[in-house]
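Colleague: In order, the protein sequence lines correspond to chains A and B. For the first sequence, the numbering used here gives the first residue as 15, with consecutive numbering after it. For the second sequence, the numbering used here gives the first residue as 6, with consecutive numbering after it. Yeah, the Cβ is synthetic: ideal placement off N, Cα and C, and Gly gets one too.
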Amino acid sequence: MAIELEQQPKPSAGAVELSKIAVSETHGEDSPYFAGWKAYDENPYDELTNPTGVIQMGLAENQVSFDLLEDFLEHHSEAATWGNGATAGFRDNALFQDYHGLKSFRGAMASFMEQIRGGRARFDPDRIVLTAGATAANELLTFILANPGDALLIPTPYYPGFDRDLRWRTGVQIVPIHCHSSNNFQITESALHAAYDDAVSRNLNVRGVLITNPSNPLGATVQRAALEQILDFAVEKNIHLVSDEIYSGSTFSSAEFVSIAEILESRGSRHVDRERVHIVYSLSKDLGLPGFRVGTIYSYNDAVVTTARRMSSFTLISSQTQHLLACMLSDKEFTANYIKTNRERLRKRYDVIIAGLRRAGIECLRGNAGLFCWMNLGPLLKESTKEGELALWNLIVRDVRLNISPGSSCHCSEPGWFRVCFANMSEATLDVALDRLHRFVDEYRRTGSSQ
Amino acid sequence: MTESPSSEPEPPSPKPRAAAAGNGMRLVVPLQGVVQGRGGLILGSLIPCALFYFFQLYLKRHRSPKRPPASSSNPPSPSASSPNLGDLARTSSRSNLLGRGSIGPVRLSSRGMAIAKPNDSPYYVGLEKVAGDPFHRVDNPDGIIQLGLSENTLCFDLIERWMKENLMDSLMGGDGAELSINGMATYQPFDGLMELKVAMADFMSRVMGKGVSFDPSQMVLMAGATPAIEILTFCMADHGNAFLIPTPYYPGFDRDIKFRTGVELIPVHCRSADNFMLTVTALDQAYNQARKRGLKVRGILISNPSNPVGNILSRETLNELLDFAQEKNIHIISDEIFAGSLYGTTEEFVSMAEIIEAEEFDKGRVHIIYGLSKDLSLPGFRVGVVYSYNENILAAAKRLARFSSISAPTQRLLISMLSDTKFIEEYIETNRRRIRRMYELFVGGLDQLGIQCAKSSGGLYCWANMSVLIALYSEKGELELWDKLLNVGKVNVTPGSACHCIEPGWFRCCFTALAEEDVPLVMERIGKVAEMCKSGQ
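Laid out in C-alpha cells, this is it:
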C-alpha cells in the first residue's frame, strides 16, 4: 500500500493500539496546502475588524451567487418546510433512508446536469447514485474500481485532496500523467502512455484514468480532441475513465465545456465506451452549497451503479436536504437563470483578477472555467525548484498575507505556478488582495525581498 | 479470513495467464518420456507435482486478490419507502456483460464484485418483499406487515407539532433579520458544528440517565451510525483483524463492518439459558479460538440495549467487559443507539460512559456509538455520533468524517430542536411510555398464542421464541417457518439465523411502527401460521 507510516503517537505502557490507517499521514494535513489554511485560521482577514489579516485565496468556494439562492428560498418556503406551513410529507421524509435516494431529487439533478450541458447530453435519473459530497463520490468509485495496491492515472497538476481522498482508506495508488506549460498543460497521448508504462514498470495494475474537467487547478476545460484520445486510451487498455465534472456549471461560457457524456453520445453510446465511463458531480461548486454535502456518481455501467448505490449507505444525503434541493432544482426557470447569471459573474471576476495580475506583470494560464486562476510566478523564483517555489510561497503567506496554493502541492512538474481562488470573497476584498500582490511583486523585483 | 466459493465465473483473464498455461503443457508432454524411462514412477510423479506447484504459484501472483466473504454483504436498502426490485434487474443484466467481446468487460475491484452479488440473507430478502407489497390499513389491507425494520413512528405527532411551531425560525435564523443561508451554505467543519455537538451531548445525557455527562469535544458527528461504526473500525483495526461480537447481533453489522474494512467478526455465542446475556467465559473462548486461527482481535463490539434481544447489560457485566478488554489490551465499542428506547421498569440502563467515570481505568480503549435514527425517529436525516476517550482515535475519526458529513441545514434544524429542552424532555418521556404500551400489547398477544419472548427492557422489538412451531429443530426448520410467516401469514419478521443466533427458532419482531389497532390483526395472522404448523402443514 502507498500509505506512509509514522511512529505510533506517544504510546504509554500497554496502551491500546490504533490501525495503520489511523496513524498514516495520507490525510495530508501536514502539507503546505493545508499549512496555508492554518495561517488563515490564525489571522483571518476581515474588511472592518482585521484589515491586515490573511486573505483566503486557497479555498475554492463560490460565494458570488448566494443572493439568487436566498431569493428562491424566500419565495418558496415549502422547499424548507415540507408543504406550506404544515408538515405534510414530513413523516415519510424523516423515515426515508433508502439509498436509492428521493426520486424527485434524482430527477431534478439529472435535469440540472442536462441544463448545464446545454441539452447536449441526456442523463437517466436511475443511473444517479447520491453521496454526501464529491469527496465521498470519488473515494467510493475508487473502492469499486480498484483493489488495494492498484493504480489510477491522474493528469498533473491535480487537486491536492485527491492524494487523501483516493488513497487513504482504499490503499490505491496515484500515478501522475505529466502535463507541461509548453502546451498549456493539456493531456497528450504520449503522456498517457508514458504514465501507463511507468505504472507497469513499477508492477502496478492500472485500473483507470481520472480527469477533472474543467480542471482544478488549471481553471480550463479539457478539449474535445483530448477527451476522445483519453477515451480511446481507456478502451485500448480496458480500464475505467472517471470524469470529475464538478466545475461544469462554472464554465464562463456554456459552449466551451464538452462533457465526456457528449463524447459518448457522439459515438452512438457504444457499449465498449459506455461500460467504463463514470461521471462525478456535486453542488458544492456550481451551486455554492458545500455545507449541504451533495455529490453524485453517474455511471453508464450497471454493475457500478448497483454497487455504488449499496456502498452509498455509508454516505447518504439527509432526506431533508434532498427534499429542499428537489424543489429548487425542479424549478427550471430558476435553474436556467441561475446557471446563466452564475457564469457571467464568475467570468467578470476572472476578468478582474487577470487584469489586476497583468498590471503587476504577472501572467496566468488562459482559463475559461472554475473558481480560480493558475498564476505563473516562475520568473520570480530565486531558483527554479520546488524549494524555490516554497520559499516564495512562504513569503507570500507570511508577509503579503495571501493564502494561495503552491503548484508543488498539486504535483505540478514545473515550479513557480500557483492556484489563486477569486470567488470566495467580495469584490472589495479581491481588490485589496490584488493591490497587496502588486506591491509585493514590485518590491520583490527591485530588491529581491518583500520589505 | 474465510474464503467463500465464488458463484460466478471469473471474467476472462489477461494474456500472461494464457501463456503460462501453454508453457505448462509444453513441459508436461516430454515428461512422459521421463516416466517411462529410468527413475520411472518417482521422478515421473515428483516432477509434474513440482511443476504443478510452481505453475500454481505463478498463477497466484498474477491473480487479483481473493474476494472477501460474500455472505450478507450486499443489501437492498432497508427502507419500505420505495421498491428495490430495480436492484435485482440491474444485477442480472450484469451477467450479460461477462464473456462479451474479445477483450472482455472492464473489471470492477474484488470488493466491488462481492457487493454486486445479490444478497440472500432473509433479513434483506424480507425487507425487499415488504417493499413490493406493503401493508396499508386502507389501501392494501392484504399486504405484508413489516415487523422486520426497527423503526419508531409512535411519536411523530410530537415532532410534527414542533416543526409546525418552530421550523421556519430554526432554519432562517430566528428573528428573520437575516437569511442565514450563508452560514449553512459554506464549508463547515467536517466533524459537525460545535453547537450541534453541544446539543447532542446534552441530549445523550438526558437519554442515558442523569448519572453521566458527555463532553462535546470528545465527539465526532457523521451521517448516521452506519458510517460511525465503519469509521471507528477503520481507526482501530487493520484489514484481516477481527472484532468479537456477542450473538445474536444486528444483521447489518456483517455489511457495515466487513464491507470495506476487511475486518472479520468473531461471534461470541450467548444462550437462552442466560437470557442471551454475555458471559466472560464465552468471550474468552471466542478470543482463544480467534488466536488459534491466527486472527488478531482488536476489539469487542457490544450493543446496549442489545439488538435483536433488547436486554440491557448490567453494571457487573460491563465491568467484567472492561477487565477483559484491559487484560487483552483491546478496544470496546458500545453501540448505545437504543438507549432512549427503554420500556422496562425493573432494570436501569447504564451507559459505558457512566462505568468509565466511576472506575480507575484506561479510558482510551472505550468508544460509544450513538445516533438519532431510533431515539428521535429521524433515520432519514442521517445523524450519528462517535464518542471516544482516545485523543488519537478522535483525531483520526475527525479526519475521516469528511467522507460522511451531516448536511448543514439538518444540523441547524437539529440544533434548534435539541436545544428545546422542554420539548425534548416531553418527547423522551412520552416515547418511553408509548413503547412500553406497544410492548405490553404485542408481547401479551404473542403470549396468548403460546409464544414466549426473552426478557428485555429496551429497543423497538421483542425476541420471540417460536421453536415450538418448527418441525425440524434446525436453521432449516427456522427458515421454513420464516418463509411461512412471510408468504402465507404475510408478516415479515427477522429469523435468528440472520442474526447468527446459535439456537434455532428465535425471531425478532419490531412493534413500534404499528398502530395499536393493527396488533390484533398481526396476532391473527401469526396465529393462523401457528395453527398450520401445529397441524403439521
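Please decide whether residue 174 (chain B) counts as near chain A, where near means a Cβ-Cβ distance under 8 Å.
Modeller: Position 169 of the second sequence, counted from the first residue, corresponds to residue 174 (chain B). So, not an interface residue.
Colleague: Establish whether the CB of residue 194 (chain A) and some CB of chain B are separated by less than 8 Å.
Modeller: Along the first sequence, one-based indexing puts residue 194 (chain A) at 180. Chain B, which has no Cβ nearer than 8 Å to the Cβ of residue 194 (chain A), makes this no.
Colleague: Please state the DSSP three-state secondary structure of residue 449 (chain A).
Modeller: As a working mapping, residue 449 (chain A) is identified with position 435 in the first sequence. Residue 449 (chain A) falls in the helix class under three-state DSSP.
Colleague: For residue 260 (chain B), count neighbouring C-beta atoms within 10 Å of its own C-beta (all shown protein chains included) and say buried if the count is 16 or more, exposed if not.
Modeller: Locating residue 260 (chain B) in the second sequence gives position 255, where the first residue counts as 1. Flag for residue 260 (chain B) reads buried.
Colleague: What is the DSSP secondary structure of residue 304 (chain B), reduced to helix, strand or coil?
Modeller: Counting from 1 along the second sequence, the entry for residue 304 (chain B) is found at position 299. Note: residue 304 (chain B) maps to strand in three-state DSSP.
Colleague: Can you tell me where the beta strand (DSSP E) holding residue 531 (chain B) begins and where it ends?
Modeller: In the second sequence, the residue the question calls residue 531 (chain B) occupies position 526. That residue, residue 531 (chain B), is in no beta strand (DSSP E); its alpha helix (DSSP H) goes 524-539.
Colleague: Looking only at its own chain, which residues have a Cβ that is under 8 Å from the Cβ of residue 172 (chain B), when we skip the five neighbours before and after it?
Modeller: As a position in the second sequence, residue 172 (chain B) is number 167, starting the count at 1. Contacts found: 418.
Colleague: Quick one, which residues of the segment 301-314 of chain A are near chain B if we go by CB-CB under 8 Å, in chain order?
Modeller: Residues passing the 8 Å Cβ filter: 302, 303, 304, 305, 306, 307, 308.
Colleague: Decide if the segment 419-428 of chain B is in contact with the segment 197-214 of chain B; the criterion is three or more beta carbon pairs, one per stretch, under 8 Å apart.
Modeller: Yes, they touch.
Colleague: Within 8 Å (strictly less), CB to CB, does residue 452 (chain A) reach chain B?
Modeller: Here residue 452 (chain A) refers to the residue found at position 438 when the first sequence is read from its first residue. No, because no Cβ of chain B sits closer than 8 Å to the Cβ of residue 452 (chain A).
Colleague: According to DSSP, which residues form a beta bridge with residue 249 (chain B)?
Modeller: For the purposes of this step, residue 249 (chain B) is taken as the residue at position 244 of the second sequence. According to DSSP, which records beta bridges pairwise, residue 249 (chain B) is partnered with B:271, B:305.
Colleague: Work out the CA separation of residue 249 (chain B) and residue 291 (chain B) for me, nearest whole Å.
Modeller: The sequence position of residue 291 (chain B) within the second sequence is 286, counting from 1. The sequence position of residue 249 (chain B) within the second sequence is 244, counting from 1. In a straight line, the C-alpha of residue 291 (chain B) is about 7 Å away from that of residue 249 (chain B).
Colleague: Which chain A residues are close to residue 191 (chain B), counting only those with a beta carbon under 7 Å from its beta carbon?
Modeller: Translated into the one-based positions of the second sequence, residue 191 (chain B) becomes position 186. Within chain A, the residues near residue 191 (chain B) are 75, 304, 305.
Colleague: Counting C-beta neighbours from all protein chains within 10 Å, is the total for residue 137 (chain B) 16 or more, i.e. buried, or is it exposed?
Modeller: Position 132 of the second sequence holds residue 137 (chain B). Burial call: exposed.
Colleague: Can you give the Cα-Cα distance for residue 185 (chain A) and residue 163 (chain A), rounded to whole angstroms?
Modeller: Indexing the first sequence from 1 puts residue 185 (chain A) at position 171. Indexing the first sequence from 1 puts residue 163 (chain A) at position 149. Cα-Cα distance, rounded: 6 Å.
Colleague: Find the nearest neighbour of residue 188 (chain A) within the set A:57, A:89, A:201, A:174, judged by alpha-carbon distance.
Modeller: The residue given as residue 188 (chain A) occupies position 174 in the first sequence. That would be A:174, whose Cα lies nearest to the Cα of residue 188 (chain A).
Colleague: Find the nearest neighbour of residue 435 (chain A) within the set A:69, A:126, A:203, A:46, judged by alpha-carbon distance.
Modeller: Along the first sequence, read from residue 1 onward, the residue named residue 435 (chain A) stands at position 421. Comparing Cα positions, the closest option is A:69.
Colleague: Rounded to whole angstroms, what's the CA-CA distance from residue 296 (chain B) to residue 233 (chain B)? Just pull it up for me.
Modeller: Residue mapping note: residue 296 (chain B) aligns to position 291 of the second sequence, counting from 1. Residue mapping note: residue 233 (chain B) aligns to position 228 of the second sequence, counting from 1. So the alpha carbons of these two residues sit roughly 27 Å apart.
Colleague: Classify residue 41 (chain A) as helix, strand or coil using the three-state DSSP reduction.
Modeller: Looking up residue 41 (chain A) in the first sequence gives position 27. The answer is coil: DSSP assigns residue 41 (chain A) none of H, G, I, E or B.
Colleague: Say whether the segment 275-288 of chain A touches the segment 111-123 of chain A, bearing in mind that this needs 3 or more beta-carbon pairs closer than 8 Å, one atom from each stretch.
Modeller: As far as the Cβ criterion goes, the segment 275-288 of chain A does not touch the segment 111-123 of chain A, which means the pair count is below three.
Colleague: When you compare only the Cα positions, how much space is there between residue 526 (chain B) and residue 120 (chain B)?
Modeller: Along the second sequence, read from residue 1 onward, the residue named residue 526 (chain B) stands at position 521. Along the second sequence, read from residue 1 onward, the residue named residue 120 (chain B) stands at position 115. Answer to the nearest angstrom: the Cα atoms are 37 Å apart.
Colleague: Report all residues from its chain with a CB closer than 8 Å to the CB of residue 141 (chain B); omit the five preceding and five following residues, and keep chain order.
Modeller: For the purposes of this step, residue 141 (chain B) is taken as the residue at position 136 of the second sequence. If we look at residue 141 (chain B) and ignore the five residues flanking it on each side, its Cβ neighbours are 148.
Colleague: Can you grab the Cα-Cα spacing for the pair residue 129 (chain B) / residue 229 (chain B), in whole Å?
Modeller: By one-based count along the second sequence, residue 129 (chain B) stands at place 124. By one-based count along the second sequence, residue 229 (chain B) stands at place 224. Their Cα atoms are separated by approximately 19 Å.
Colleague: What residues from the segment 397-430 of chain B come within 9 Å of chain A, judged by C-beta to C-beta, listed N to C?
Modeller: The residues in question are 397, 398, 400, 401, 402, 404, 405, 407, 408, 409, 410, 411, 412, 413, 414, 415, 416, 418.
Colleague: Looking at the structure shown, is residue 389 (chain A) part of a helix, part of a strand, or coil, going by DSSP?
Modeller: Within the first sequence, the letter at position 375 stands for residue 389 (chain A). In this structure, residue 389 (chain A) counts as strand in the three-state DSSP scheme.
Colleague: By alpha-carbon positions, which one of A:76, A:38, A:41, A:46 ends up nearest to residue 353 (chain A)?
Modeller: For the purposes of this step, residue 353 (chain A) is taken as residue 339 along the first sequence, with counting starting at 1. With distances taken between Cα atoms, residue 353 (chain A) lies closest to A:76.
Colleague: Start and end of the beta strand (DSSP E) containing residue 145 (chain A)?
Modeller: Counting from one through the first sequence, the residue named residue 145 (chain A) turns up at place 131. Here the beta strand (DSSP E) through residue 145 (chain A) covers 142-145.
Colleague: Where residue 516 (chain B) and residue 531 (chain B) are concerned, what is the direct C-alpha to C-alpha distance, given to the nearest angstrom?
Modeller: Position 511 of the second sequence, counted from the start, is the residue given in the question as residue 516 (chain B). Position 526 of the second sequence, counted from the start, is the residue given in the question as residue 531 (chain B). Approximately 14 Å between the Cα atoms of the pair.
Colleague: Can you check whether the CB of residue 161 (chain B) is closer than 8 Å to the CB of residue 392 (chain B)?
Modeller: By one-based count along the second sequence, residue 392 (chain B) stands at place 387. By one-based count along the second sequence, residue 161 (chain B) stands at place 156. No, these two residues do not count as a Cβ contact at 8 Å.
Colleague: When you compare the segment 264-281 of chain A with the segment 228-240 of chain A, are there three or more beta-carbon pairs, one atom per stretch, that lie closer than 8 Å?
Modeller: At 8 Å Cβ cutoff, the stretches touch.
Colleague: Are the CB atoms of residue 257 (chain A) and residue 311 (chain A) within a distance shorter than 8 Å?
Modeller: Position 297 of the first sequence holds residue 311 (chain A). Position 243 of the first sequence holds residue 257 (chain A). No, these two residues do not count as a Cβ contact at 8 Å.
Colleague: Report the residues of the segment 496-523 of chain B with a CB closer than 7 Å to any CB of chain A, ordered along the chain.
Modeller: Result list empty, no residue passes.
Colleague: Determine the closest residue to residue 346 (chain B) out of B:382, B:372, B:510, B:460, with distance taken between C-alpha atoms.
Modeller: Here residue 346 (chain B) is taken as the residue at index 341 of the second sequence, counted from 1. Nearest C-alpha to residue 346 (chain B): B:382.
Colleague: Taking residue 139 (chain B) as the query, report the chain A residues whose CB atoms sit under 7 Å from its CB, ordered along the chain.
Modeller: For the purposes of this step, residue 139 (chain B) is taken as residue 134 along the second sequence, with counting starting at 1. Those within 7 Å of residue 139 (chain B) in chain A number zero; the least Cβ separation is about 12 Å.
Colleague: I need the boundaries of the alpha helix (DSSP H) containing residue 292 (chain A), first residue and last residue.
Modeller: Counted from its first residue, the first sequence places residue 292 (chain A) at position 278. Careful: residue 292 (chain A) lies outside any alpha helix (DSSP H), inside the beta strand (DSSP E) at 291-296.
Colleague: State the CB to CB distance for the pair residue 239 (chain B) and residue 451 (chain B), rounded to an integer number of angstroms; the pair is presumed to be in contact (CB under 8 Å).
Modeller: Indexing the second sequence from 1 puts residue 239 (chain B) at position 234. Indexing the second sequence from 1 puts residue 451 (chain B) at position 446. Residue 239 (chain B) to residue 451 (chain B), Cβ: 40 Å. No contact.
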